[in-house]
Amino acid sequence: MKTILETKNICFEYENFKLKNINISLKHGDFVGIIGPNGSGKSTTLKLITKLIKPKSGKVFIFGKNLEKVSRSFIASKVSFVRQEFNPTFEFKVKDIIELGAIHIKKSFFNTVNDSSKIKKCLAMVELTGYENRYFSTLSGGEQRRVLIARSLFQETPIIIVDELTAHLDISHAIQIVEILKKLTESGKSILAAFHNINIASKYCNYLYALKDGELIFQGTPKDVINKENIKKLYNKEFYILNHPVYNYPVVTV
Numbered sequence: 210m211k212t213i214l215e216t217k218n219i220c221f222e223y224e225n226f227k228l229k230n231i232n233i234s235l236k237h238g239d240f241v242g243i244i245g246p247n248g249s250g251k252s253t254t255l256k257l258i259t260k261l262i263k264p265k266s267g268k269v270f271i272f273g274k275n276l277e278k279v280s281r282s283f284i285a286s287k288v289s290f291v292r293q294e295f296n297p298t299f300e301f302k303v304k305d306i307i308e309l310g311a312i313h314i315k316k317s318f319f320n321t322v323n324d325s326s327k328i329k330k331c332l333a334m335v336e337l338t339g340y341e342n343r344y345f346s347t348l349s350g351g352e353q354r355r356v357l358i359a360r361s362l363f364q365e366t367p368i369i370i371v372d373e374l375t376a377h378l379d380i381s382h383a384i385q386i387v388e389i390l391k392k393l394t395e396s397g398k399s400i401l402a403a404f405h406n407i408n409i410a411s412k413y414c415n416y417l418y419a420l421k422d423g424e425l426i427f428q429g430t431p432k433d434v435i436n437k438e439n440i441k442k443l444y445n446k447e448f449y450i451l452n453h454p455v456y457n458y459p460v461v462t463v
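What follows is the structure in C-alpha cells.
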C-alpha cells in the first residue's frame, strides 16, 4: 500500500519537554496506534501532523506534499482531527457541530437539503440515528465523541487523526468507538490514533508506535511491540503479557 502520511525527523520543544526525531508513516487503510505513558508526546505529535503547531525541525508529508508548503484548506481536505475534548462556547445542536467539519469546502453557511441528508448518513455510521436536533451539551461523553467522528466523516477526508478518544470512558463505550473507527478503515479510511488503553490498541491496530519522554522507542505490529521487556521499559513497571485466547493478540495485565 502507498504511504499517504509521513513524518521525517520531526522535533519540537516547550518548557521542559523535547520531542526528538519522530518518524511515523501511515498507509491507505491502516489503523495505526501511538501508545506511551502520559506526557510522552502522543498528542504533541498529532498536533504537529495537523499543523496546529509547527515543528522546530523535520518535515511532515501528506500525499507526498510538504505540510509547510500547502494551504490549511488542502490539509483540511485530506486530514480531519478528532480531539478528546470539544467544549463549544455556545449551545449548538448536533447537526451544527457536524457541519463545522466542512466549513473549508462549503459554499454557504446555510444548511442545504444535501447537507441534511449527509448529516443523517454520518450519524447513522456512528450509531446516532435521529440525533441531529439534539443539543450537543446534553449528550453523554461517549455520544459526544461519536458526534465528533461524524463531523470528521462529514469533512470527507481520507485520513482521520484521533487523540485518545477512549480516555475517561467505560470499557463498553470505549470499545464501541474503536469498533466504529475500525469499520471506517475497512471502508477505505486511514486512521492514526493516540491510545491511553494499550490493550484496545493491541486488539484493533495493525501497527503501533511507542513513545516515551518524547522519543520513539519501539514500533511494529502489536505482537512485535507488546512484550514483557518492551512494556517494562515503556512504563517502568513489571507487567504480565498474555495472549488473548479467542482473538490472538497480546494483552497487558498486572
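Our numbering puts the first residue of the sequence shown at 210, with every later residue one more than the last. Where is the CB? At the ideal position from N, CA and C, for every residue including glycine.
| Bounding residues of the beta strand (DSSP E) (the contiguous stretch that carries E424) | 424-429 is the span of the beta strand (DSSP E), which, as asked, contains E424.
| task | Let me know the secondary structure DSSP gives F299 once reduced to three states. | result | coil
| message | On a Cα-Cα basis, can you pick out the residue from N275, K268, S289, N218 that is closest to D372? | response | S289
| In whole angstroms, what is the alpha-carbon distance linking I271 and I284? | 8 angstroms
| Which of helix, strand or coil does DSSP assign to Y456? | coil
| query | Taking the alpha-carbon positions, what's the V322 to N342 distance? | reply | Residue placement at V322 is poorly supported in this model, since its pLDDT is 49, which falls under 50; the coordinates are not used for a value here.
| query | Using CA coordinates, which residue listed in C331, S346, I244, L390 is at the minimum distance from G238? | reply | L390
| Counting Cβ pairs, one atom from each stretch, are 3 or more of them under 8 angstroms apart for the region 271-280 and the region 347-361? | no
| query | Out of K412, K437, H405, which has the shortest C-alpha to C-alpha gap to V455? | reply | Across the set K412, K437, H405, the C-alpha of K412 shows the shortest separation from the C-alpha of V455.
| message | According to DSSP, simplified to helix, strand and coil, what is G350? | response | helix
| Are N415 and F427 touching if we call contact CB-CB under 7 angstroms? | No. Outside cutoff.
| request: Would you kindly check if the distance between the Cβ of I400 and the Cβ of I358 is under 7 angstroms? | output: Their beta carbons are not under 7 angstroms apart, which means I358 does not touch I400 by this criterion.
| task | Less than 8 angstroms between the CB atoms is what I'm expecting for G350 and H377, so what's the real figure, rounded? | result | Approximately 7 angstroms separates the beta-carbon atoms of G350 and H377; this is inside 8 angstroms, confirming the contact.
| task | Answer with buried or exposed for K392, where buried requires no fewer than 16 other C-beta atoms within 10 angstroms of its C-beta. | result | Label assigned to K392: exposed.
| So Y223 is in the beta strand (DSSP E); what residue range does that whole segment cover? | 212-223
| Exposed or buried, A333, counting other C-beta atoms within 10 Å across all chains shown (16 or more means buried)? | exposed
| query | Can the beta-carbon of V434 be found less than 7 angstroms from the beta-carbon of L420? | reply | L420 is positioned such that its CB atom lies no closer than 7 angstroms to that of V434.
| For S289, which three-state DSSP category applies? | strand
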